[in-house]
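Some notes on the structure that comes next.
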Amino acid sequence: MKISKQKAAHYIWGAQCDGWHLVQGETLSVIHERMPAGTTETRHVHSKSRQFFFILSGEACM
9 MKISKQKAAH YIWGAQCDGW HLVQGETLSV IHERMPAGTT ETRHVHSKSR
59 QFFFILSGEA CM
């Protein structure tokens with residue numbers, strides 16, 4: 009099944025960041041996120057998942 013960001017479930021996190029759930033399964037979750045310049049994520053740990061990041065535009069510091 010194809011899904012687009014325009015039809016995906018949207019949520020807001022942090023001060024002004026957006027997330028769209030493209031896939032929500034028991035073993036796989038894919039989220040498209042938008043983080044405006046200057047925003048940050050709170051450092052955290054996932055006990056059952058691994059994360060993969062790719063940057064569409066701009067740059068990130070980890």
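First residue of the sequence shown? That's 9 in this note's numbering, and the numbers climb one at a time after it.
For each residue, glycine too, the CB sits at the ideal point set by N, CA and C.
Residues near residue i by beta carbon distance below 7 Å, same chain, minus five either side
i	result
Gln-24	Pro-44, Thr-47
Bridge-paired residues (DSSP) for residue i
i	result
Cys-25	Trp-21
Ile-39	His-29
Same chain, Cβ closer than 6 Å to residue i, neighbours up to 5 away in sequence not counted
i	result
Ala-17	His-29
Ala-68	none
Sequence-distant residues of the same chain with beta carbon closer than 8 Å to residue i, five excluded per side
i	result
Ser-37	His-29, Val-31, Ser-57
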